[in-house]
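J.: If you're matching positions, the sequence shown starts at 12 in UniProt numbering and goes up one per residue. Glycine included, each C-beta is placed from N, C-alpha and C at the ideal position. Questions regarding the structure given below will be posed in turn.
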Amino acid sequence: LTDLSGKTAIVTGAARGQGAIEAELLATAGASVLLCDVLEEDGAALAERLTSEGKDVRFLKLDVTSEADWQDALATLRDWTGRLDILVNNAGIINRKIIRDMSVDEWKKVLEVNATGAFIGIKLAAPMMAETGGGSIVNISSNSAFSGHYDPAYTSSKWALRGLTRTAAMEFADDKIRVNAICPGLIVTDLNRNSPHLGPMIEMTPAQRAGEADEVAQLVLFLASDASGFITGEDFVIDGGFTA
Ligand code: NAD
12 LTDLSGKTAI VTGAARGQGA IEAELLATAG ASVLLCDVLE EDGAALAERL
62 TSEGKDVRFL KLDVTSEADW QDALATLRDW TGRLDILVNN AGIINRKIIR
112 DMSVDEWKKV LEVNATGAFI GIKLAAPMMA ETGGGSIVNI SSNSAFSGHY
162 DPAYTSSKWA LRGLTRTAAM EFADDKIRVN AICPGLIVTD LNRNSPHLGP
212 MIEMTPAQRA GEADEVAQLV LFLASDASGF ITGEDFVIDG GFTA
């Protein structure tokens with residue numbers, strides 16, 4: 012029912028996992044989607060498959076921490092559709108070391124990709140969105156951003172994304188740009204489908220199961236679309252009741 016025809020989206024971390032599913036759903040809804048990732052081979056293969064299915068997508072190698080790569084992405088859009096309506100800051104990395112074991116450089120790396128990457132994306136993309144009347148930014152945080160966990164850098168980066176979401180929502184409201192965060196719990200992707208940790212996590216989840224990437228993607232689609240036009244500066248936990 013949601014129609015994104017005529018809209019253009021960027022999804023970061025789109026070569027695999029949740030980002031790939033989010034990008035595919037936005038394209039299925041009619042958006043032109045620029046798939047961005049550091050994984051060139053996987054991203055190009057996904058773009059080729061989606062194109063063969065009639066979807067309007069392209070892949071671009073982009074490291075979210077590189078301002079030059081973001082400029083390339085925006086230049087690509089200017090040549091392609093001439094606009095940007097939707098930005099999904101989905102790329103993320105995790106390092107589960109505790110503070111005692113983590114080096115300063117390891118800490119910086121996680122913060123740089125998960126928080127600074129989204130900051131650069133918002134900073135550079137928002138002016139282009141404003142040119143064509145606004146848009147929607149969705150930051151993929153985590154339900155880790157509601158408590159403390161034994162992964163300090165990841166948890167801190169995801170708390171930072173919640174803060175960035177709220178402040179960006181205020182700053183860009185005048186430009187008719189909405190900014191929201193999604194905070195998933197355990198979501199099954201190819202990376203963790205066979206992990207021994209799935210069982211214990213599921214036991215602690217009231218819904219007694221892990222989430223599916225498509226369930227997160229459906230929320231991305233809603234927040235990206237005009238159906239959520241009065242929602243901004245919010246974060247949405249999607250974790251089967253784990254945080255409740
Ligand atoms: P994933 O590892 O399958 O996908 C992450 C993608 O981001 C990969 O394709 C990776 O190459 C890309 N990436 C990493 N660093 C990058 C960079 N510097 N620039 C561009 N791309 C980069 O993981 P996923 O489970 O699909 O996670 C997607 C997002 O959802 C992440 O932000 C993650 O923190 C968040 N999240 C995941 C879960 C879960 O249980 N899977 C739960 C909560 C939040």
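Given a cut-off of 7 Å on the beta-carbon distance, is the pair GLY24 and ASN150 in contact?
T.: Contact: no.
J.: Distance check for VAL44 and THR76, CA to CA, integer angstroms please.
T.: Those two C-alpha atoms are separated by around 20 Å.
J.: In three-state terms, what does DSSP make of ASP201?
T.: Of the three classes helix, strand and coil, the one that applies to ASP201 here is coil, per DSSP.
J.: In chain order, which alpha helix (DSSP H) runs of at least 4 residues are fully inside the region 179-246?
T.: Runs found: 209-214 and 224-235.
J.: Determine the direct distance from the alpha carbon of ALA55 to that of ASP250, and round the result to whole angstroms.
T.: C-alpha separation (whole angstroms): 31 Å.
J.: Measuring only the C-alpha atoms, how far is ALA218 from THR254?
T.: So the alpha carbons of these two residues sit roughly 11 Å apart.
J.: Could you name each continuous beta strand (DSSP E) segment of 3 residues or more that falls completely within the region 66-108, going from the start of the chain to the end?
T.: Listed in chain order, the complete beta strand (DSSP E) runs (minimum 3 residues) inside the region 66-108 are 68-72 and 97-100.
J.: Hey, out of CYS47, ALA38 and VAL121, whose CA is closest to GLN82's CA?
T.: Selected option, being the one with the closest Cα: CYS47.
J.: If you measure from the CB of GLN29, is any heavy atom of the ligand NAD nearer than 6 Å?
T.: It does: the Cβ of GLN29 is within 6 Å (strictly closer) of some heavy atom of the ligand NAD.
J.: For the beta strand (DSSP E) containing LEU46, list its first residue and its last residue.
T.: Run containing LEU46: 43-48, per the beta strand (DSSP E) assignment.
J.: Is LEU71 near the ligand NAD, with its Cβ less than 6 Å from a heavy atom?
T.: Answer for LEU71: no, Cβ out of range of the ligand NAD.
J.: Is THR254 close to the ligand NAD? I mean its beta-carbon at under 6 Å from any heavy atom of the ligand.
T.: No, the beta carbon of THR254 sits no closer than 6 Å to any heavy atom of the ligand NAD.
J.: Output the distance between the C-alpha atoms of ALA136 and GLY41, rounded to the nearest integer angstrom.
T.: Approximately 21 Å between the Cα atoms of the pair.
J.: Whose C-alpha, out of LYS169, ILE110 and TYR161, is nearest the C-alpha of VAL124?
T.: Of the candidates LYS169, ILE110 and TYR161, the one whose C-alpha sits nearest the C-alpha of VAL124 is LYS169.
J.: Would you call residue 8 buried or exposed, if buried means 16 or more other Cβ atoms sit within 10 Å of its Cβ?
T.: Absent from the structure is residue 8, since the part of the chain shown begins at 12 and ends at 255.
J.: Apply the 10 Å Cβ neighbour rule to THR243 and answer buried if 16 or more other Cβ atoms are within range, or exposed otherwise.
T.: Its Cβ being crowded by 16 or more others within 10 Å, THR243 is buried.
J.: Taking 6 Å as the cut-off, is the beta-carbon of ASN150 closer than that to any non-hydrogen atom of the ligand NAD?
T.: Flag unset: Cβ of ASN150 not near the ligand NAD.
J.: If you count every other CB in all the chains shown that lies within 10 Å of the CB of ASN154, and 16 or more means buried, which is it?
T.: With 16 or more Cβ atoms within 10 Å of its Cβ, ASN154 is classed as buried.
J.: Which residues in the same chain have their Cβ closer than 8 Å to the Cβ of TYR161, if we skip the five residues on either side of it in sequence?
T.: So the list reads ARG107 and ILE109, once near-sequence residues are dropped.
J.: Between VAL121 and ALA129, what straight-line distance do the alpha-carbon atoms span, to the nearest angstrom?
T.: Distance between the alpha carbons of VAL121 and ALA129 is about 12 Å.
J.: Any contact between the region 87-101 and the region 15-29? By contact I mean 3 or more CB pairs, one from each, below 8 Å.
T.: Because the criterion of three Cβ pairs below 8 Å is met, the region 87-101 and the region 15-29 touch.
J.: Please classify GLU214 as buried or exposed, where buried requires at least 16 neighbouring CB atoms within 10 angstroms.
T.: That one is exposed.
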